[in-house]
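Same order as they appear, the protein sequences are chains A and B. In the working numbering, each residue carries its 1-based index in the first sequence increased by 538. In the working numbering, each residue carries its 1-based index in the second sequence increased by 538. Beta carbons: idealized from backbone N, C-alpha and C, even for Gly. Every value quoted in this text rests on a predicted model; they were computed, and no experiment measured them. Encoded as structure tokens, the structure appears first; notes follow it.
Number of protein chains: 2
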Amino acid sequence: MKAIFTLALFSIYLAATSQSFTVVPLGVKGGLDESDLSAYMVAPQGSNDFICLDAGTLNSGIQKAIATGAFSPPASNILRNDIKGYLISHPHLDHVAGLIINSPDDSAKPIYGLQSCLGVIRDKYFSWQSWANFGDEGEKPQLNKYHYAPLVPGRETAIPGTTLSVQAWPLSHGAPYESTAFMVRSGDSYLLYLGDTGADSLEHSDRLHTLWLVAGPLLRAGKLKGIFIETSFPNEQPDRLLFGHLTPRLLMQEMRALANIAETPSLDRLNLVITHRKPSGDNEATIRRQLETDNPLRARLIFPEQGKRLDL
Amino acid sequence: MKAIFTLALFSIYLAATSQSFTVVPLGVKGGLDESDLSAYMVAPQGSNDFICLDAGTLNSGIQKAIATGAFSPPASNILRNDIKGYLISHPHLDHVAGLIINSPDDSAKPIYGLQSCLGVIRDKYFSWQSWANFGDEGEKPQLNKYHYAPLVPGRETAIPGTTLSVQAWPLSHGAPYESTAFMVRSGDSYLLYLGDTGADSLEHSDRLHTLWLVAGPLLRAGKLKGIFIETSFPNEQPDRLLFGHLTPRLLMQEMRALANIAETPSLDRLNLVITHRKPSGDNEATIRRQLETDNPLRARLIFPEQGKRLDL
Numbered sequence: 539m540k541a542i543f544t545l546a547l548f549s550i551y552l553a554a555t556s557q558s559f560t561v562v563p564l565g566v567k568g569g570l571d572e573s574d575l576s577a578y579m580v581a582p583q584g585s586n587d588f589i590c591l592d593a594g595t596l597n598s599g600i601q602k603a604i605a606t607g608a609f610s611p612p613a614s615n616i617l618r619n620d621i622k623g624y625l626i627s628h629p630h631l632d633h634v635a636g637l638i639i640n641s642p643d644d645s646a647k648p649i650y651g652l653q654s655c656l657g658v659i660r661d662k663y664f665s666w667q668s669w670a671n672f673g674d675e676g677e678k679p680q681l682n683k684y685h686y687a688p689l690v691p692g693r694e695t696a697i698p699g700t701t702l703s704v705q706a707w708p709l710s711h712g713a714p715y716e717s718t719a720f721m722v723r724s725g726d727s728y729l730l731y732l733g734d735t736g737a738d739s740l741e742h743s744d745r746l747h748t749l750w751l752v753a754g755p756l757l758r759a760g761k762l763k764g765i766f767i768e769t770s771f772p773n774e775q776p777d778r779l780l781f782g783h784l785t786p787r788l789l790m791q792e793m794r795a796l797a798n799i800a801e802t803p804s805l806d807r808l809n810l811v812i813t814h815r816k817p818s819g820d821n822e823a824t825i826r827r828q829l830e831t832d833n834p835l836r837a838r839l840i841f842p843e844q845g846k847r848l849d850l
Numbered sequence: 539m540k541a542i543f544t545l546a547l548f549s550i551y552l553a554a555t556s557q558s559f560t561v562v563p564l565g566v567k568g569g570l571d572e573s574d575l576s577a578y579m580v581a582p583q584g585s586n587d588f589i590c591l592d593a594g595t596l597n598s599g600i601q602k603a604i605a606t607g608a609f610s611p612p613a614s615n616i617l618r619n620d621i622k623g624y625l626i627s628h629p630h631l632d633h634v635a636g637l638i639i640n641s642p643d644d645s646a647k648p649i650y651g652l653q654s655c656l657g658v659i660r661d662k663y664f665s666w667q668s669w670a671n672f673g674d675e676g677e678k679p680q681l682n683k684y685h686y687a688p689l690v691p692g693r694e695t696a697i698p699g700t701t702l703s704v705q706a707w708p709l710s711h712g713a714p715y716e717s718t719a720f721m722v723r724s725g726d727s728y729l730l731y732l733g734d735t736g737a738d739s740l741e742h743s744d745r746l747h748t749l750w751l752v753a754g755p756l757l758r759a760g761k762l763k764g765i766f767i768e769t770s771f772p773n774e775q776p777d778r779l780l781f782g783h784l785t786p787r788l789l790m791q792e793m794r795a796l797a798n799i800a801e802t803p804s805l806d807r808l809n810l811v812i813t814h815r816k817p818s819g820d821n822e823a824t825i826r827r828q829l830e831t832d833n834p835l836r837a838r839l840i841f842p843e844q845g846k847r848l849d850l
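In structure tokens, the structure reads:
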């Protein structure tokens with residue numbers, strides 16, 4: 539009886555502490571620096587079958603990851619063989635430039651996203667005017683390297699070539715512009731990645747609230763291994779100049795909403811990965827300091843670095 | 539009499555050897571590496587009033603140029619104050635990504651180009667779907683940071699904020715796609731920059747021939763300080779897979795056409811700056827070797843490096 543009890547405790551411990559995902563950030567900044575824009579490769583622990591969440595920078599990030607030892611050369615192998623598909627949160631250039639620029643050397647694979655996002659990639663980038671049409675829709679001739687795979691909000695979709703599944707949820711990124719959160723599942727573990735987003739209070743939206751209703755129970759059950767969420771501007775940025783982005787104060791406001799739904803007094807088991815800090819002036823350091831000094835729920839703040847592997 | 543003769547000789551010598559332009563390459567590669575895509579800042583010698591020829595990478599290149607000592611920090615000052623305008627050869631993303639990505643932190647200035655190129659920038663990038671509209675045309679609201687300044691082929695246009703003037707000439711970049719050559723003038727000196735281009739023979743075009751008719755007399759008179767021209771692929775690339783680009787063999791074929799028009803048996807006074815080598819595999823080294831081993835007109839081959847100042 540005691541043995542069974544110990545085993546049960548150990549299982550709970552394992553579920554709460556074992557690492558389920560490998561993440562290699564290929565780019566982490568919220569603009570300006572073309573060599574380091576939002577892109578996060580994610581695979582189940584122990585697997586080389588990755589998805590790439592956003593694709594602002596690919597080649598520079600893969601080269602950095604090879605330099606840190608997170609990946610083995612050649613870079614072309616990572617691009618062509620290890621990335622099984624792209625999940626694009628929204629079509630602003632700092633989230634897709636790497637995908638477009640690297641397309642001539644890429645292998646055939648799907649691009650996942652909400653229909654509205656895929657439509658912009660098809661019509662604005664792979665249009666034969668701004669770039670050759672490597673897609674399987676839009677202006678002819680279609681080179682058919684990339685298959686547009688629309689995601690239906692809230693419906694889980696398996697990602698072929700991996701053991702991962704994903705659910706997409708729309709976000710508000712400066713109304714009327716839409717962005718996307720991806721809830722990635724590996725077995726019984728989850729990773730939540732949010733594209734650019736404003737706070738519900740300022741966006742006059744309930745999209746983050748809706749997302750927390752999904753994420754809260756997973757957090758409470760110890761199944762949510764991390765949340766990747768943006769903090770583009772420091773607290774000093776006026777509300778009217780946020781353009782659908784978060785500040786440290788607004789992020790913590792949303793984390794309080796999540797904690798309430800999860801019915802937890804603390805987020806000290808939550809890996810909160812801060813993305814998309816805009817690198818103008820001292821903003822990156824300021825945002826970090828503001829988050830670290832006002833983190834009442836004690837979330838485990840992680841500031842990802844380009845090419846440095848994270849195990850979550 | 540002898541003194542006057544000596545003085546005249548000395549003047550000719552000065553005209554042929556003095557340096558007229560400062561060039562700081564912000565990016566030199568022909569694709570893939572988002573941190574190092576085509577962009578060349580050009581100013582009259584001794585001036586900080588630059589134009590930027592293409593804008594594939596800005597921020598990463600400015601940071602590199604600060605690291606080499608070509609520029610003084612902060613990077614934001616170079617972007618905002620020293621670049622007086624962009625001249626875009628064609629709207630493929632590897633020639634404009636830096637401009638789009640850096641636009642939120644840039645100052646107001648013109649974007650020069652052929653009307654067809656400016657129309658794509660307006661409709662595909664600064665469209666509110668792929669990026670906020672920082673232009674003064676297209677989707678409303680127009681943020682009016684960039685003024686679209688169309689160039690008329692062959693008509694010289696002064697660039698306000700600099701002492702430079704420019705003439706644009708259309709190029710064929712895989713018919714029906716158009717690219718542009720810019721003939722930049724500072725006083726009595728010229729610098730010729732070509733965007734991506736195929737060879738007349740394969741493009742069934744006379745656009746390079748037309749350009750050599752303009753450049754030939756300037757070369758002969760010792761006024762042409764340099765030609766920036768692409769060599770995207772090595773000689774092994776099949777003609778049908780050139781997509782409107784040059785190889786070492788095709789470049790030298792075009793240089794022979796130029797030398798014929800300039801009525802010179804040798805190009806040993808011509809600075810021939812090789813741009814846009816595509817960095818797949820060993821291509822960059824192969825292209826360089828092929829150019830260096832088969833350079834019958836003995837052009838002064840220059841392989842520009844990101845952030846390293848050139849004086850021409």
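Hey, how far is the Cα of residue i from the Cα of residue j?
i, j, result
"Y624(A)", "I600(B)", "30 angstroms"
"V752(B)", "H742(B)", "20 angstroms"
"Y536(A)", "L709(B)", "Coverage of chain A is limited to positions 539 through 850, which leaves residue 536(A) absent and any answer about it impossible."
"F559(A)", "G584(A)", "8 angstroms"
"A577(B)", "P755(B)", "27 angstroms"
"S627(B)", "I767(B)", "12 angstroms"
"A554(B)", "V658(B)", "Confidence at A554(B) is low in this model, with a pLDDT of 48, below 50, so its placement is unreliable and the value that follows should be read with caution. So the alpha carbons of these two residues sit roughly 40 angstroms apart."
"T785(B)", "L631(B)", "21 angstroms"
"A837(B)", "S645(A)", "38 angstroms"
"S614(A)", "D592(B)", "26 angstroms"
"S717(B)", "G636(A)", "22 angstroms"
"S610(A)", "I799(B)", "51 angstroms"
"N821(B)", "P772(B)", "6 angstroms"
"L729(A)", "R693(A)", "16 angstroms"
"F664(A)", "T831(A)", "44 angstroms"
"K602(B)", "L810(A)", "32 angstroms"
Please name the residue or residues paired with residue i in a DSSP beta bridge.
i, result
"M721(A)", "Q705(A) and L730(A)"
"N809(B)", "R838(B)"
"C590(A)", "M579(A) and Y624(A)"
"V561(B)", "V580(B) and L848(B)"
"T695(B)", "V704(B)"
"F766(B)", "Y731(B) and V811(B)"
"A687(B)", "Y650(B)"
"G673(B)", "Y684(B)"
"E716(B)", "S710(B)"
"K567(A)", "L575(A) and R815(A)"
Please state whether the Cβ-Cβ distance between residue i and residue j is less than 7 angstroms.
i, j, result
"V566(B)", "M579(B)", "no"
"F720(B)", "A737(B)", "no"
"C655(A)", "I621(A)", "no"
"E570(B)", "P776(B)", "Here residue 570(B) turns out to be Leu, not Glu, going by the sequence shown. Taking 7 angstroms as the Cβ cut-off, L570(B) and P776(B) do not qualify as a contacting pair."
"Y684(B)", "G676(B)", "no"
"L486(B)", "G782(B)", "Because chain B spans 539 through 850 in this model, residue 486(B) falls outside it and cannot be assessed."
"L789(A)", "L835(A)", "no"
"K662(A)", "S668(B)", "yes"
"D744(B)", "H711(B)", "no"
"D587(B)", "T700(B)", "yes"
"H633(B)", "G607(B)", "no"
"V722(B)", "L702(B)", "yes"
"Y686(B)", "I639(B)", "no"
"E572(A)", "N597(B)", "yes"
"P582(B)", "S724(B)", "yes"
Residues of chain B with a CB under 8 angstroms from the CB of residue i: which are they?
i, result
"G636(A)", "E572"
"N809(A)", "Near N809(A) there are no residues of chain B at all, since even the closest Cβ is about 28 angstroms away, more than 8 angstroms."
In chain A, which residues lie with their C-beta within 8 angstroms of the C-beta of residue i?
i, result
"Y663(B)", "L631, K662 and S668"
Which chain B residues sit within Cβ distance under 7 angstroms of residue i?
i, result
"P642(A)", "G569"
"V658(A)", "Q667 and S668"
"N597(A)", "L570, D571 and E572"
Quick one: measure Cβ to Cβ for residue i and residue j, integer angstroms, because I've assumed they're closer than 8 angstroms.
i, j, result
"T802(A)", "P842(A)", "Rounded, the Cβ-Cβ distance is 24 angstroms, inconsistent with contact."
"R815(A)", "G568(A)", "5 angstroms"
"L757(B)", "L808(B)", "6 angstroms"
What does residue i reach in chain B if we use C-beta pairs closer than 9 angstroms?
i, result
"T813(A)", "Near T813(A) there are no residues of chain B at all, since even the closest Cβ is about 16 angstroms away, more than 9 angstroms."
"S818(A)", "S614, P642 and D643"
Please compile the residues from chain A whose C-beta is within a distance smaller than 9 angstroms of the C-beta of residue i.
i, result
"I860(B)", "There is no way to answer for residue 860(B), as the model of chain B reaches only from 539 to 850."
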